[in-house]
Structure formats: C-alpha cells, structure tokens
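In the UniProt record's numbering, the protein residues as written are 1 to 154. Worksheet: the structure to be examined is printed underneath.
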C-alpha cells in the first residue's frame, strides 16, 4: 500500500474540496456547469463548521475526499450535548483506488469523531461492495443505512 496522508480540510482547502467534489459528481454522470466551483466554495465555506471534510493525498496527488454533515441534537434535560455525523460522500480518485485511501479517510473520520461529542455516524451504502467495506470498518446495518455507534454501552 502506498503512503496515504489524511488531513481535515481547512478554509484554505475550499477549492480542493470543490474540485474533488466535482470529480466525484462527474464520475456519477453529472454534467459540468459554468460557475459551479465558485458556487460550491461559497456554500461549503458558509457551512464549514458543520461540514467536517477530510482530504487524502497519495503519491503527491489529491487522492480522495470524505464529506460529512454534523447534526447537533437540541438540548435535553439531563443529557450532555450530542451530535451525529451523516457521511455525504466518500470518493477516491480512479488512479488512487486500491491503495487504502477510502479506509484511511474513514478511519480518520472515526478517530476525529471519538474526540468530539459525536455519538454515531450514519451513511447509506449504495451497493453490496460498499456495505462490505463499511462492515469491515465496524459499521453495522440491517440494510443499506449503516451506522457506527460511538455511544458508551452503559
């Protein structure tokens, strides 16, 4: 496996996030549109505190991205503040697949979540291969909606 470096995206990475997001959308068959990168950058920067995003680099190139949305629960008497993550997308650039990039991105997200008030992570696995990938990383599922539970069992 080639060396993979993962980092949390900062405001300075907005254009990289937008470009990887567009590459992901294009792979899914979405069309190009003028001004998209600028529109995405503006929206992502405005929502960045609740859009934790990780970028992977491998062999000197941007290898992938993992985008999430943090959902904060409203306060409840007797309960500490909690939140959960919804994984909006995991994309690994075609030339960087089978290098452990997706695993490294997902593990970085889980480790970051352990240091916050995030109590579970949810995602929709689009197919059996994705479902098996996430199960190997500890997610469980009765179907395509998968969850990684960080709550204390007590």
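Ideal placement from N, C-alpha and C gives every residue a C-beta, glycine not left out. Since the structure is predicted, the reported quantities are computational estimates derived from the model, not experimental observations.
- Annotation: the continuous beta strand (DSSP E) that includes residue 84 extends over 83-92.
- About 4 Å separates the Cβ atoms of residue 24 and residue 91, confirming a contact at the 8 Å cut-off.
- According to the DSSP secondary-structure assignment, residue 64 is paired through a beta bridge with 56, 92.
- Look at residue 127 here: in three-state DSSP terms it is coil, with no helix or strand label.
- Linking residue 138 to residue 148 through their CA atoms gives a straight-line distance of about 6 Å.
- Measuring C-alpha to C-alpha distances from residue 109 to each of 96, 78, 84, 99 identifies 84 as the nearest.
- 5 is the residue among 50, 66, 5 whose C-alpha sits nearest the C-alpha of residue 58.
- Take the alpha-carbon of residue 114 and the one of residue 39: they are about 32 Å apart.
- With contacts defined by Cβ atoms closer than 8 Å, residue 53 and residue 45 do not form a contacting pair.
- Pairing residue 111 with residue 31, the inter-Cα distance amounts to about 35 Å.
- In this structure, residue 62 sits near residue 20, with a CB-CB distance shorter than 8 Å.
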